[in-house]
Structure formats: structure tokens, C-alpha cells
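Participant:
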Amino acid sequence: MDAKTAMLNRAGEIIDSYGSKRENIIAIMQDIQAEYKYLSGDVLSLIAEKLGIGVAKVYSVATFYENFSLEAKGRHIIKICDGTACHVRKSQPIYDAVYKYLGLSGKRKTSDDGFYTLETVACLGACGLAPVMTLDGEVHSKMDPDAALALLENLKKEEGAAV
Amino acid sequence: MAKGIMTIDGQRVSFDGEKNVLSVIRKAGIEMPTFCYHSDLSTYGACRMCVVEDGRGKIDASCSMEPRDGMVIKTNSARLLKHRRTILELLLASHDCNCTTCEKSGKCHLQALAQQFGVRNVRFSDSRERAEIDTSSPAIVRDPNKCILCGDCVRVCEEMQGMNIIDFVNRGSQMRVAPAFNRMLSETNCISCGQCAAVCPVGAITVKNEIGEAWRAIHNPKLRTVVQIAPAVRVAVGEAFGLSAGDNVLHRLVTALKLMGVDEIYDTTFGADFTTISEAEEFKARLKAGGPFPMFTSCCPAWVKYLEKENPRYLHNISTCKSPMEMFAAILRDKYKAKDEEDGLKTYHIAIMPCTAKKMEAAREEFKQNGQPDVDLVLTTREIIDMIRESGIRLEELDLEAPDLPFGLGSGSANIYGVTGGVAEAVVRHCIPDKSRNALREIAELGLRGDEARKEVTVHLGDQELKIAVVHGLINARNLLKEMDEGKSFFHLVEVMTCHGGCVGGAGQPEGLNAVKIKRGEGLHAIDDTSMIKRAERNPVATRLLNEMGEEKAHELLHVSYVKD
């Protein structure tokens with residue numbers, strides 16, 4: 029079974045676990061995204077089919093919420109806080125440095141090797157530690173561009189060694 | 084339903100069952116402006132043009148307000164007028180205002196209301212990215228740059244047709260109406276019914292305009308332009324020229340087309356008589372063979388397309404008869420082959436239809452011979468209205484003229500093809516052996532006619548009891564299929580029309596709410612009532628041709644299979 033079929037099977041299980049009810053569409057999407065980090069076109073079509081609603085309606089819901097991603101994400105997710113406190117304590121240069129380090133362009137948020145995805149977040153509630161960033165959910169405080177890049181280099185080296 | 088009295092602008096108005104305050108206001112003679120309110124659809128409440136002010140100065144949208152006894156509202160206070168003007172200004176700011184060259188110019192609600200409310204200056208600049216215009220559909224053009232996000236198209240597609248091809252995408256300033264995954268319409272299951280274009284208050288979704296091609300053909304001396312006119316067109320064209328919905332203007336339309344330079348003018352009802360005879364014969368054959376049931380009617384191209392795209396297993400049930408338009412065209416091509424060679428001309432065949440999906444049907448491979456479509460061009464009722472206007476012809480003042488022979492003759496039962504229940508009634512008239520006047524009256528009273536979403540009728544034919552259903556509005560057909568899937572219902576014959584009301588409610592017709600569609604249908608029944616020939620098999624030209632044709636030729640010209648193996 030290839031990865032795509034496996035993902036669709038698992039998505040089907042999740043939809044069934046909610047009784048294929050259309051009022052659960054958001055919970056279903058959240059659960060699928062929690063496992064696969066994004067919602068593929070095939071997954072959206074499957075949701076539409078199983079809930080008995082149009083694909084356009086499912087796509088409408090998926091694009092309404094910022095939280096849902098329709099593009100595959102990298103293995104590790106970097107979130108840089110751009111809330112007010114972090115912003116005034118210079119979070120933007122950190123974002124710019126990481127953006128450049130990953131070789132991103134335009135609206136592309138994932139590095140070519142599929143290792144990292146870069147996102148911003150409005151506030152992590154850790155304003156006293158500003159500027160902050162998270163790497164796979166782990167909060168790193170009082171960052172600057174060099175520290176951020178060192179963090180990313182490190183993780184890459186560790187995984188590289190493991191592989 | 085609530086009953087009572089409310090005060091609107093100081094005037095006491097009674098209400099009884101109106102679904103919202105907006106309807107009560109309109110009943111009181113005040114034309115409340117709206118974009119997103121369409122009385123045939125659900126209430127959305129997005130445009131806020133219909134706002135009213137209550138006694139305490141609270142402002143709310145009247146479309147989503149229930150009438151209450153003792154309510155006091157104002158519809159035209161200074162604040163309300165200011166709000167409406169601001170809304171219009173904001174809409175205009177994010178709207179492609181190239182009005183003079185817009186397809187919808189003169190019929191655009193935004194243009195009309197901006198004019199009405201005296202908006203002469205827009206203070207805000209348009210910061211949106213330009214979106215690509217989608218011309219991929221054979222029937223519909225989508226220009227998102229003109230969209231005001233009223234959602235009428237989204238709701239008609241979902242609520243009346245059950246298709247949900249387009250919906251809102253993104254949110255806030257990024258919001259658009261688009262198909263899933265921002266695809267082109269041609270990459271979706273869109274069936275070209277065009278109802279989205281019919282309800283669009285602006286020029287964001289329009290019917291593909293092919294007037295230019297029509298003029299080129301008419302003015303080309305090497306082409307013989309031959310026109311066929313569908314039943315539903317004749318009871319709607321007059322609306323654009325000050326006549327009432329339902330007035331039969333076929334004979335004025337013939338005069339107008341002659342003035343415009345069309346060579347020969349025929350009537351689609353001629354083709355419809357062939358359809359009735361062929362479809363009734365097929366039905367009788369199926370009764371003898373024991374199926375497959377139900378037999379679905381095949382005249383509506385959007386319905387056929389729906390089955391192909393979303394329910395192909397029912398394609399075996401659809402009648403193998405071509406639609407009246409395509410039967411007419413196939414016969415015309417066959418008969419004019421020799422004539423064209425003799426006269427050194429090429430026949431260019433234009434069909435005037437109430438329908439946008441006919442543009443899609445005409446382009447289907449099944450209806451082409453050596454790459455040449457049997458119908459070269461489909462013009463909608465609205466396009467022919469525009470052409471008449473362009474020619475400076477005052478239709479209402481023209482003399483009457485009859486369509487040409489031999490293909491200008493159709494029975495009364497062919498005229499009612501344009502209204503829901505008509506095809507089924509025509510087939511029943513043909514099948515029932517009793518041909519007396521009273522038998523016709525009984526058939527008329529069976530319950531095939533009328534505006535109900537689904538009509539179910541039992542007809543006795545000999546010792547057989549035939550169950551017939553008539554549905555219009557695709558969502559009702561989809562629900563029927565679902566019931567059949569579950570084994571809950573069984574019919575021998577099912578007439579399906581994708582648009583509400585049948586072809587009289589087609590998206591190629593002038594704008595009109597349900598009440599107008601019903602009047603057009605009554606107009607078609609009136610034509611039937613006054614026709615000398617009531618049944619297809621009594622059409623002398625059609626029966627003679629059919630006899631001459633022979634079985635093999637008839638099969639080639641009149642039948643088609645949509646089943647893909």
C-alpha cells in the first residue's frame with residue numbers, strides 16, 4: 029500500500045469515527061491534519077463524498093480557516109512569533125534569516141528538501157521571553173538570527189547522523 | 084405563520100404569513116433594494132442593502148427579520164440612505180467598473196442601484212489582485228473581478244440544482260467565489276445549466292455571448308442561415324419589448340428574423356413531434372420487453388450531462404431519443420445535403436433556445452458529422468433579444484408572419500415541451516388509444532401539470548398501470564434517484580427538467596422570478612389549447628417524413644446512445 033492510499037484509508041477511518049456527520053466536518057479536518065500536517069485534495073474529496081456534500085463546500089470550509097493547510101508540510105515545523113512584543117523585539121530579522129537559510133521564495137513555505145516548513149504565529153503567550161520561536165512545538169526564548177540558524181543546523185545534523 | 088399589523092414609514096401595513104419584513108415592505112409598495120436576497124432561494128443577509136431602522140434607532144437587515152405584530156420601522160431615514168450609499172461605494176471600489184462594455188450593462192443591479200442612490204464618486208481605491216477570467220465552459224463565462232460576493236450563484240447551484248460546483252473560497256479581503264481547488268469550470272462537474280448566470284445581479288457570471296458569430300453567418304452570402312425556434316422562447320421574448328410574460332410572439336419573431344436577414348425560419352416543435360413519436364414508441368417497446376425502468380426523458384442536455392458526470396449507471400435508463408433540437412438538426416442536415424450542392428450554398432443552422440446547456444449539447448461529439456456539428460450555433464433568448472434591439476427593430480409593432488414550410492409545423496403537444504410536465508403529457512397523449520376530446524381533457528387533469536417540485540401520476544393503459552413522475556429543478560431529480568437507489572420508489576417513466584419550471588425557466592431566458600416562469604408556462608398551454616393539431620402523430624409533415632425515412636434511417640437520425648462501455 030503506497031503512502032497516498034494509506035492516508036486516504038486512515039482519513040476514511042477518522043471520518044467514520046465521527047459517524048460521517050456533516051456537522052463534524054471541522055473536527056474531522058482537524059484530526060486528519062493532526063496526523064498528516066495538511067489536507068490533500070484527495071482527502072477533501074473523500075470528506076465531501078463521505079459526508080454527502082459538495083467538494084466546493086468542503087474546500088470553502090478548508091480555505092476559510094487559516095489553521096488548515098492544503099499543502100504538504102516539511103518534516104519539522106518552525107513557527108516564529110510575530111505578536112506585538114516579539115515584533116518590537118525584532119522577530120522580523122529572525123524570520124528573514126530563516127527564510128533565506130531555507131532558500132524560500134514567494135509564498136513557498138517549505139524548503140526544497142522537505143525538511144523544514146516556516147510559519148509565523150500571532151502570539152505564543154510568552155511575551156516576557158520575546159522574541160520567541162518554536163521548533164516542532166518546543167519553545168525557544170530570547171532568540172536572534174544566529175541562534176535560530178544554529179538551532180536549525182543542529183537538528184539537521186542530528187537527523188543526518190541518525191539516517 | 085405570523086399575522087398582524089406593523090407600521091412602515093408611518094403607514095400601517097397588515098401581514099399574513101410573509102416570511103420576512105422585506106416581503107411586507109415590498110407588499111406596501113416600497114421597492115427595497117437588495118443584491119443577495121432572491122425570494123426563490125434561502126435568505127443569506129450579506130449585502131445589507133435592505134436595512135431598516137426600528138423605533139429605538141437599531142438598524143438591521145429586513146430580509147432576515149421576522150414580522151411581528153406592532154413592529155415600527157423606517158425604511159428611508161437619513162442614516163439608512165447614508166449606509167446604503169456607503170455599501171454601494173465599497174462594492175464599486177472592489178468591482179471592475181468597465182460598465183459600458185460589460186455583458187450585463189443596462190441589466191446590472193449594481194449599476195442600477197448606484198444610479199438610483201446617486202453614487203457619483205468612489206472614495207476608495209481597488210487593492211485587489213486581478214483574477215483570471217474563466218472562459219473554459221461552453222456556456223458560461225466567469226469574471227471574478229466583477230463579483231460582489233452576494234452568493235446567489237452559490238445558493239442556486241446548491242439549493243435548486245444540488246450541484247455545489249462553486250462556493251466561497253478563502254475569507255475576508257481574499258474571499259472569492261470559485262470552484263473547488265480554484266479549478267476552471269470545465270474541470271468540474273458543471274452541467275452548464277446556467278442558473279448561476281441567471282441569478283447573478285452583476286456581470287460576474289454571464290452566458291457566453293455568440294452574437295458575433297450569428298451576424299457573420301447571416302451576412303455571409305455563401306451561407307444559407309436556417310433558424311429553429313424553441314417553444315419556451317416565444318413566450319419570453321416579448322417581455323423585453325413591453326409585452327407580458329406568456330404572450331406568444333412567435334409570429335413577430337419570425338418577421339424580425341426575416342428583417343435581420345435570416346433565410347429560413349422553422350420551429351423546434353417540428354423536431355419535438357419526432358421526439359414524442361420516437362420516445363413513445365421506445366416506451367411501448369420497453370413496456371413489452373419489461374424494462375429497463377424507469378425510462379428517463381432525454382430532452383434536457385444538463386440532465387444528461389449530470390448523469391454522465393455523477394450517476395453514470397442510470398445512463399442505461401435514459402431514452403435513446405435525441406432532443407428535439409438535435410432531431411430537427413439531423414433531419415435538416417439530411418434533407419439539405421442535396422439542396423446545398425444544387426444551390427452552391429452551405430447551410431448554417433442556428434437554434435434559438437431558452438437554455439445555456441444547449442450550447443454545450445450542440446458541441447457534443449455525438450451530434451457532429453465529419454467534425455461538423457448539426458447545430459452550428461445556439462443563441463439564447465436573451466441573445467436574440469439583444470440582436471433584435473441592435474437591429475433597431477421594435478418587435479411589439481411588427482406585422483405577424485408564419486414560420487416557413489415544411490419544418491415550421493408542430494403540434495400543440497410539442498409546444499408544451501417547454502414547460503414542466505409537457506414532455507410526459509405529449510408521450511401520454513400518444514400512448515393512450517382514446518383520441519377523443521374528453522380523453523385529452525382527462526390527460527390534462529392527471530396532475531402532470533403544475534409547479535410542484537415532483538408530480539406523481541398513475542395512468543391506465545389497457546390492463547397496465549403506469550407510474551409516471553415529473554420532476555424539475557435538478558435537486559428534485561437527485562432526490563428521486565436517491566429514493567430509487569434505496570428501492571423506495573418505482574416509476575415507468577420519469578420526465579426530468581434541470582431548471583425549475585422546465586425550459587420556460589431556462590437560464591437563457593430574460594431575468595424573472597418563479598411567478599414569471601409560471602406565466603410563460605401558461606402561455607405555452609394556451610398555444611396548445613388553440614392548436615388544431617394536438618398530438619404528434621397528427622402532424623402530417625412529420626408522419627410523412629417518418630414513413631419515408633424507414634427504420635434504419637430513423638435510427639441513425641433520431642437516436643443516440645450516451646452509454647460508454
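If you're matching them up, the sequences are chains V and E in order.
Each residue of the first sequence is one higher than the one before, starting from 29 at the first, in the working numbering.
Each residue of the second sequence is one higher than the one before, starting from 84 at the first, in the working numbering.
Note that CB positions come from ideal geometry on N, CA and C, so glycine has one too.
All values derive from a computational prediction rather than experimental measurement.
Looking only at DSSP bridge pairs, what is Asp140(V) linked to?
Facilitator: The partner list for Asp140(V) (beta bridge, DSSP) is empty, contrary to what the question assumes.
Participant: Report buried or exposed for Ala85(E), applying the criterion of at least 16 other Cβ atoms within 10 angstroms of its Cβ.
Facilitator: exposed
Participant: To the nearest angstrom, how far is the alpha carbon of Tyr431(E) from that of Tyr349(E)?
Facilitator: 13 Å
Participant: DSSP state of Asp423(E), grouped into three classes?
Facilitator: Of the three classes helix, strand and coil, the one that applies to Asp423(E) here is helix, per DSSP.
Participant: Under DSSP, the beta strand (DSSP E) around Tyr349(E) begins and ends at which residues?
Facilitator: Glu347 to Asp350
Participant: Buried or exposed for Met615(E), please, with buried defined as at least 16 other CB atoms from any protein chain shown within 10 angstroms of its CB.
Facilitator: exposed
Participant: In the structure shown, what three-state DSSP assignment does Tyr127(E) receive?
Facilitator: coil
Participant: By the DSSP assignment, the alpha helix (DSSP H) with Thr117(E) in it spans what residues?
Facilitator: Element bounds for Thr117(E): n/a, residue is neither H nor E.
Participant: If we define contact as Cβ-Cβ less than 8 Å, is Tyr64(V) a contact residue for chain E?
Facilitator: no
Participant: Select from Arg266(E), Gly325(E), Gln244(E) and Leu175(E) the residue whose C-alpha is nearest the C-alpha of Leu232(E).
Facilitator: Of the candidates Arg266(E), Gly325(E), Gln244(E) and Leu175(E), the one whose C-alpha sits nearest the C-alpha of Leu232(E) is Leu175(E).
Participant: In the DSSP assignment, find the alpha helix (DSSP H) that holds Ser496(E) and state where it starts and stops.
Facilitator: Gly495 to Asn498
Participant: If Leu641(E) and Cys404(E) are in contact, beta carbons under 8 Å, what's the gap, nearest whole angstrom?
Facilitator: 6 Å
Participant: Can you check DSSP and say which residues form a bridge with Leu460(E)?
Facilitator: Ile433(E).
Participant: In the DSSP assignment, find the unbroken beta strand (DSSP E) run with Pro262(E) in it and report its ends.
Facilitator: Secondary structure note for Pro262(E): its beta strand (DSSP E) is the uninterrupted segment Arg259 to Pro262.
Participant: Using a Cβ cut-off of 9 Å, which residues of the stretch 158 to 189 of chain V contact any Cβ in chain E, in chain order?
Facilitator: none
Participant: Using a Cβ-Cβ distance cut-off of 8 Å, determine whether Glu409(E) contacts chain V.
Facilitator: no
Participant: Would Asp649(E) pass as an interface residue toward chain V - the criterion being a Cβ-Cβ separation below 8 Å?
Facilitator: Residue 649(E) is absent from the model: chain E starts at 84 and stops at 648.
Participant: Any beta carbon of chain E sitting closer than 8 Å to that of Val126(V)?
Facilitator: no
Participant: Check whether the Cβ atoms of Thr162(V) and Leu152(V) lie closer than 8 Å to each other.
Facilitator: yes
Participant: Which residue comes first and which comes last in the beta strand (DSSP E) that contains His104(V)?
Facilitator: His104 to Cys109
Participant: Are the beta-carbon atoms belonging to Thr380(E) and Val506(E) less than 8 Å from one another?
Facilitator: yes
Participant: Within a Cβ cutoff of 6 Å, which residues of the same chain sit near Glu362(E), ignoring the five residues on either side of it in sequence?
Facilitator: Ser402, Cys404 and Val510
Participant: Could you name the residues that DSSP lists as bridge partners for Thr148(V)?
Facilitator: Beta-bridge analysis with DSSP links Thr148(V) to Ile108(V).
Participant: Please report the Cβ distance between Gly224(E) and Lys291(E), rounded to the nearest whole angstrom; I am assuming they are in contact, meaning their Cβ atoms lie under 8 Å.
Facilitator: The residue asked about is misnamed: residue 224(E) is Val in this sequence, not Gly. About 6 Å; that satisfies the 8 Å criterion.
Participant: Please classify Val116(V) as buried or exposed, where buried requires at least 16 neighbouring CB atoms within 10 angstroms.
Facilitator: exposed
Participant: Would the beta-carbon of Ala497(E) fall within 8 Å of that of Val458(E)?
Facilitator: no
Participant: How many angstroms separate the CA atom of Tyr93(V) from the CA atom of Val83(V)?
Facilitator: 16 Å
Participant: Tell me the DSSP secondary structure of Ser97(V) in three-state form.
Facilitator: coil
Participant: Beta-carbon within less than 8 Å of Ala76(V)'s beta-carbon, same chain only, minus the 5 sequence neighbours each way: which residues are those?
Facilitator: Gly82, Val83, Lys85 and Val86
Participant: At the 8 Å Cβ level, is Ala263(E) part of the contact set with chain V, yes or no?
Facilitator: The beta-carbon of Ala263(E) is placed less than 8 Å from the nearest beta-carbon of chain V.
Participant: Which residues share a DSSP beta bridge with Met161(V)?
Facilitator: Ile108(V) and His168(V)
Participant: List the residues that DSSP assigns as beta-bridge partners of Phe376(E).
Facilitator: Answer is none; Phe376(E) lacks a bridge partner.
Participant: Whose C-alpha, out of Arg335(E), Ala609(E), Met154(E) and Glu114(E), is nearest the C-alpha of Arg477(E)?
Facilitator: Arg335(E)
Participant: I want to verify the contact list: residues of chain E whose CB lies under 9 Å from the CB of Ala97(V), in sequence order.
Facilitator: Reading the sequence as shown, one finds Ser at residue 97(V) and not Ala. What Ser97(V) touches in chain E, judged by beta-carbon distance under 9 Å, is nothing: the nearest beta carbon there is about 14 Å away.
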